[in-house]
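A short write-up of the structure that comes next.
There are 2 protein chains.
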Amino acid sequence: MSVNAEIVTIGDELTRGEIVDTNSSFMADRLTELGFRVTWMTSCTDDAPDIRAALQCATGRAHLVVCSGGLGPTEDDRTVDVICELAGVPAEEEPRALAFMKDRFARSGFQLTPNNLRQVRVPRGATVLPNRAGLAPGFWIELSGTPLVVVPGVPREMKRIWADEIEPRLRERVKEPPRVRSFHIYGMGESHIDHRLAGLSAEGVSIHYRVVFPENRVKIVVRGPGADERLAALEREVRARLGHHIYGVDGETFPEVIGKILRSRGARLALAESCTGGLAGHLVTSVPGSSDYFTTGVVSYANETKQKLLGVKEETLKLHGAVSEVCVREMAEGVVKLAQATVGVAISGIAGPGGGTPEKPVGTIWLAIAGPHGTRSRHVLYGGDREQVKQVAAHAALAMIYRYWDSEP
Amino acid sequence: MSVNAEIVTIGDELTRGEIVDTNSSFMADRLTELGFRVTWMTSCTDDAPDIRAALQCATGRAHLVVCSGGLGPTEDDRTVDVICELAGVPAEEEPRALAFMKDRFARSGFQLTPNNLRQVRVPRGATVLPNRAGLAPGFWIELSGTPLVVVPGVPREMKRIWADEIEPRLRERVKEPPRVRSFHIYGMGESHIDHRLAGLSAEGVSIHYRVVFPENRVKIVVRGPGADERLAALEREVRARLGHHIYGVDGETFPEVIGKILRSRGARLALAESCTGGLAGHLVTSVPGSSDYFTTGVVSYANETKQKLLGVKEETLKLHGAVSEVCVREMAEGVVKLAQATVGVAISGIAGPGGGTPEKPVGTIWLAIAGPHGTRSRHVLYGGDREQVKQVAAHAALAMIYRYWDSEP
């Protein structure tokens with residue numbers, strides 16, 4: 006039997022569309038992994054009647070309600086007042102949060118105003134959930150027999166309280182939390198992945214697909230007895246079916262995996278980018294310590310730069326153009342030489358919206374990698390907007406590195 | 006009197022936390038600009054009872070309900086069925102959408118399955134809202150006297166139908182839609198902006214703040230008689246108070262504004278990036294046609310690259326280090342020379358999390374710009390994570406260009 010959970014997020018900044026509600030999706034993801042079925046997620050204004058109605062609906066329907074927002078210091082922050090009214094208890098200042106706030110204000114030389122005190126209130130009798138990332142504590146209370154968990158709306162504070170206080174308590178209540186593995190995939194579309202994984206769903210196993218452009222994620226969730234063994238067997242099967250399209254699992258990023266490969270080979274990387282304008286370098290340097298293997302990037306946006314810095318031949322540009330196999334091979338080999346690197350990757354393409362021709366439409370991308378195993382090149386055509394073409398091209402460059410040593414003798 | 010609107014978004018991918026609900030914030034933003042008060046936004050699963058309850062609640066409370074999702078071809082897409090049941094009408098295939106789909110399938114050589122036909126159904130009697138970006142049409146129907154507007158969940162399709170069909174119809178219904186101007190601000194924090202704009206709120210005027218890291222947005226909304234003149238007067242006042250911290254309004258991006266400046270000067274830009282790894286070049290090249298003014302970027306991640314390509318002196322690196330004023334000035338001057346550019350901008354900093362020292366903590370950034378008015382440099386210290394420091398540094402580089410010609414004789 007499924008245990009239904011609801012999420013309520015409070016704040017005019019949400020209902021006016023000023024910010025996107027990332028709290029709901031974070032909490033929904035965590036609750037789903039823990040085995041809850043999230044049925045409804047509601048965002049409402051800061052007005053007390055709206056908050057009251059939202060919490061009454063949710064606690065009347067669900068087995069668990071999680072609520073964020075409206076715990077700040079201003080008169081607009083009414084979540085505690087509404088919950089106290091619904092629970093028939095007074096609000097009280099929480100001594101530890103109050104002491105922490107007083108200490109922090111004293112050290113910064115700030116004056117404590119009556120409004121600040123609003124922020125450390127909790128309903129009498131509620132379980133306090135300490136906030137190690139901010140001032141307002143969260144709390145856990147029952148409303149008409151339904152647990153209601155309340156946290157601040159600032160995502161950083163919400164996530165900290167979730168990790169420290171909420172998830173451990175929910176895990177205790179869930180007898181057997183599902184086992185979960187997320188596979189990170191590059192270079193295979195959702196319908197292909199779906200096709201290759203056909204038949205893996207079973208009683209207690211669910212498979213979820215998600216696009217994190219230009220990558221894909223597959224999440225396998227296994228519930229019930231023997232979940233660990235079943236997940237391990239499924240992981241072997243998924244790996245057998247998707248092969249090296251899976252570049253990593255769970256927390257790993259593509260640039261991290263590339264970094265591990267380069268580091269393990271003692272290789273120094275150089276990049277020669279044209280249409281991506283520096284995006285590939287930005288991705289590579291998203292990894293702390295990437296200076297250990299990445300030394301040089303050249304953004305050769307102009308043809309003169311391709312010639313002068315990378316040694317692309319005038320003839321190549323004349324005969325084949327800047328977006329061509331010959332050109333990217335010369336760029337890759339040129340940047341290796343220029344930077345005295347182990348491997349060099351080159352990207353040249355037409356990001357659009359202008360610049361396309363019938364032979365080379367917008368979205369045409371040429372890539373090359375040069376290094377100890379010789380120079381390899383490939384062609385990609387992606388129909389998308391300028392930002393998407395750049396993202397696809399930069400990730401395709403990472404994929405060139407990812408596969409370079411695969412076919413080593 | 007305020008006209009209340011509600012938003013309902015449908016889909017298991019939302020309630021499982023697999024995707025963030027950007028449709029709700031988009032629609033809430035548009036509805037707010039049109040003068041509606043969005044009170045509640047609800048996301049629910051694909052299950053018929055959940056959809057039914059969500060739509061009944063919303064249409065029972067609000068003056069207008071907008072709903073996205075559940076219009077696809079699979080058995081999981083039940084929005085049309087639920088609405089037909091609530092309205093007491095049958096579903097019908099919409100002839101124009103059906104013809105379009107048949108034509109598209111025929112040209113691609115795809116077989117039309119019965120499931121595909123589900124996607125072009127609308128409730129009998131509903132006003133069809135043609136979808137120029139996909140297969141499933143939207144529609145407009147009344148449920149117990151409340152208008153209910155339904156669109157597909159794919160953001161691109163939803164936005165297209167919104168622009169083509171929904172916003173014009175809503176504008177007709179709203180007698181005086183508010184007048185709105187959005188100011189894009191770089192280099193001034195939210196509390197400073199708030200302080201400088203004190204006293205501008207008035208009857209019929211509201212001011213909304215929003216962080217689009219590392220920028221800020223201020224939106225001025227004016228309602229009631231004489232709104233155009235009042236907005237014009239407010240715009241003059243806002244510009245007087247915030248000066249050139251406002252780089253643009255409404256749709257403009259920072260790289261676009263930089264591009265206009267460079268283009269109007271006939272200037273050719275080169276970049277020398279260290280800690281940003283190519284991000285500044287990626288931003289500059291987000292603008293179509295940026296090859297007219299951006300020619301060359303050098304990502305000099307290694308010190309040898311700074312010396313060899315940019316001519317940074319060995320002595321400079323020894324005495325001052327790579328993150329120093331002397332070094333970025335040499336980098337900026339070096340890249341101008343290397344690329345034969347008009348202006349060159351250099352960035353060097355400590356993105357972290359490692360590499361900080363007491364003298365140069367993580368978040369230390371040095372910037373320089375070299376060009377016809379000489380070389381200028383500045384220092385920024387930003388406490389944030391690696392991605393944030395890179396973003397701040399790349400945007401600060403854009404700001405160097407933005408201001409370079411300000412103090413021209």
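Keeping their order, the protein sequence lines are chains A and B.
Residue numbers for the first sequence, in my numbering: 6 to 414.
Residue numbers for the second sequence, in my numbering: 6 to 414.
Don't be surprised by glycine CBs; every beta carbon is placed ideally from N, CA and C.
This one's a predicted model, so the numbers in the text were calculated from it and none came from an experiment.
Chain B contacts from the segment 298-310 of chain A (Cβ-Cβ distance under 8 Å): F299, T300, T301, G302, V303, V304, S305, Y306, A307, E309, T310
Where V216 of chain B falls, given that 16 or more other Cβ within 10 Å makes a residue buried: Taking the first residue of the second sequence as 1, we reach residue 216 of chain B at position 211. Exposed is the call here.
Any C-beta of chain A under 9 Å from that of M46 of chain B: Against the second sequence, residue 46 of chain B aligns to sequence position 41. Yes, M46 of chain B counts as interfacial toward chain A.
E162 of chain A: contacting residues in chain B (beta-carbon distance under 8 Å): By one-based count along the first sequence, residue 162 of chain A stands at place 157. Near E162 of chain A there are no residues of chain B at all, since even the closest Cβ is about 16 Å away, more than 8 Å.
N- and C-terminal bounds of the alpha helix (DSSP H) containing L236 of chain A: Translated into positions along the first sequence, residue 236 of chain A becomes position 231. Looking at the DSSP string, the run of the alpha helix (DSSP H) that includes L236 of chain A is 232-247.
Spatial distance of M405 of chain B from G194 of chain B (CA atoms): Here the question's residue 405 of chain B lines up with position 400 in the second sequence. Here the question's residue 194 of chain B lines up with position 189 in the second sequence. Cα-Cα distance, rounded: 18 Å.
Residues of its chain near Q393 of chain A, where Cβ-Cβ distance is below 8 Å and the 5 sequence neighbours each way are ignored: What you label residue 393 of chain A is simply residue 388 of the first sequence in a count that begins at 1. Cβ within range, chain order: F218, P219, Y387.
Residues bridged to M46 of chain B (per DSSP): As a position in the second sequence, residue 46 of chain B is number 41, starting the count at 1. Answer is A:S48, B:I12.
Where V87 of chain A sits in the DSSP three-state scheme: The sequence position of residue 87 of chain A within the first sequence is 82, counting from 1. It is helical.
C-alpha gap between C415 of chain A and W167 of chain A, whole angstroms: For residue 415 of chain A there is no data in the structure shown, the boundaries of chain A being 6 and 414.
Environment of K395 of chain B [buried if 16+ CB atoms lie within 10 Å]: Counted from its first residue, the second sequence places residue 395 of chain B at position 390. When all chains shown are included, K395 of chain B counts as buried.
For V203 of chain A, three-class secondary structure by DSSP: Looking up residue 203 of chain A in the first sequence gives position 198. Reading the sequence as shown, one finds Ala at residue 203 of chain A and not Val. Looking at A203 of chain A - three-state DSSP - the assignment turns out to be coil, as it is neither helix nor strand.
Check whether Y409 of chain A and V348 of chain A have beta carbons under 9 Å apart: Locating residue 409 of chain A in the first sequence gives position 404, counting from the first residue. Locating residue 348 of chain A in the first sequence gives position 343, counting from the first residue. Cβ distance < 9 Å, so Y409 of chain A and V348 of chain A count as in contact.
Interface positions of the segment 70-104 of chain A facing chain B (Cβ-Cβ less than 7 Å), listed along the chain: So nothing in the stretch comes that close.
E102 of chain B vs P142 of chain B beta-carbon contact at 9 Å: Residue numbering aside, residue 102 of chain B sits at position 97 when the second sequence is read from its first letter. Residue numbering aside, residue 142 of chain B sits at position 137 when the second sequence is read from its first letter. What sits at residue 102 of chain B in the sequence shown is Ala, not Glu. Result yes, Cβ atoms of A102 of chain B and P142 of chain B sit closer than 9 Å.
Other residues of its chain near H400 of chain B: CB distance less than 8 Å, five sequence neighbours each side excluded: For the purposes of this step, residue 400 of chain B is taken as residue 395 along the second sequence, with counting starting at 1. Counting only Cβ-Cβ distances below 8 Å, and skipping sequence neighbours, we find Y191, P219, E220, F259, L288.
Any alpha helix (DSSP H) of 4 or more consecutive residues that is wholly inside the segment 302-342 of chain A: 308-315, 319-325
Sequence-distant residues of its chain with Cβ nearer than 7 Å to L19 of chain B (five each side left out): Position 14 of the second sequence, counted from the start, is the residue given in the question as residue 19 of chain B. Correct list, in chain order: D26, S48.
Assigned exposure category for R35 of chain B - 16 Cβ within 10 Å defines buried: Numbered from 1 along the second sequence, position 30 holds the residue referred to as residue 35 of chain B. Looking at its Cβ environment, which holds 16 or more other Cβ atoms inside 10 Å, R35 of chain B is buried.
Nearest to P366 of chain B (by Cα), restricted to the options B:A356, B:K311, B:A373: For the purposes of this step, residue 366 of chain B is taken as residue 361 along the second sequence, with counting starting at 1. It is B:A356.
First and last residue of the uninterrupted beta strand (DSSP E) at I24 of chain A: In the first sequence, the residue the question calls residue 24 of chain A occupies position 19. Run containing I24 of chain A: none; DSSP gives neither H nor E here.
Where D34 of chain A meets chain B, residues with beta-carbon distance less than 8 Å: Numbered from its first residue, the first sequence carries residue 34 of chain A at position 29. R21, G22, E23, listed in chain order.
Alpha-carbon spacing of V226 of chain A relative to F188 of chain A, whole angstroms: Position 221 of the first sequence, counted from the first residue, corresponds to residue 226 of chain A. Position 183 of the first sequence, counted from the first residue, corresponds to residue 188 of chain A. Computed Cα separation, rounded: 12 Å.
Within-9 Å CB hit, F2 of chain B to chain A: The question about residue 2 of chain B has no answer here: the residues shown for chain B are numbered 6 through 414.
DSSP-derived helix/strand/coil call for A346 of chain B: Counting from one through the second sequence, the residue named residue 346 of chain B turns up at place 341. Coil, per DSSP.
Proximity test, Cβ basis, 9 Å: V43 of chain B and chain A: Along the second sequence, read from residue 1 onward, the residue named residue 43 of chain B stands at position 38. Cβ-Cβ to chain A under 9 Å: yes for V43 of chain B.
Candidates A:C332, A:V328, A:S305, A:S382: closest to K318 of chain A by CA position: Taking the first sequence and counting its residues from 1, the one referred to as residue 318 of chain A is at position 313. Closest option to K318 of chain A, Cα to Cα, is A:C332.
DSSP bridge partner residues for L372 of chain B (one or two, in chain order): In the second sequence, counting from the first residue as 1, residue 372 of chain B sits at position 367. Looking at the DSSP assignment, L372 of chain B forms a beta bridge with B:I352, B:R383.
Neighbourhood of N121 of chain B by C-beta, 7 Å cutoff - its chain only, sequence neighbours within 5 removed: By one-based count along the second sequence, residue 121 of chain B stands at place 116. Counting only Cβ-Cβ distances below 7 Å, and skipping sequence neighbours, we find P78, M106.
Helix, strand or coil at C280 of chain B according to DSSP, with G and I counted as helix: On the second sequence, position 275 is the one that residue 280 of chain B refers to. DSSP places C280 of chain B in the coil class of the three-state scheme, outside both helix and strand.
is_contact[K265 of chain B, chain A] using C-beta, thresh 9 Å: The residue labelled residue 265 of chain B in the question sits at position 260 within the second sequence. No, because no Cβ of chain A sits closer than 9 Å to the Cβ of K265 of chain B.
Alpha helix (DSSP H) segments (min. 4 residues) lying fully within the segment 140-206 of chain A: 160-166, 172-178, 195-201
is_contact[G283 of chain A, chain B] using C-beta, thresh 9 Å: Stepping through the first sequence from its first residue, residue 283 of chain A is reached at position 278. Yes, because at least one Cβ of chain B sits closer than 9 Å to the Cβ of G283 of chain A.
Spatial neighbours of T64 of chain A in its chain, beta-carbon cut-off 7 Å, leaving aside the 5 residues before and after: To locate residue 64 of chain A, count along the first sequence from 1; it is residue 59. V70, L148, S149, T151, L153.
Cβ pair count under 8 Å reaching 3, the segment 194-214 of chain B against the segment 226-240 of chain B: yes
Residue range of the unbroken beta strand (DSSP E) whose run includes N120 of chain A: Here residue 120 of chain A corresponds to residue number 115 of the first sequence, with the count starting at 1. Looking at the DSSP string, N120 of chain A is not in any beta strand (DSSP E); the run it does join, the alpha helix (DSSP H), is 119-123.
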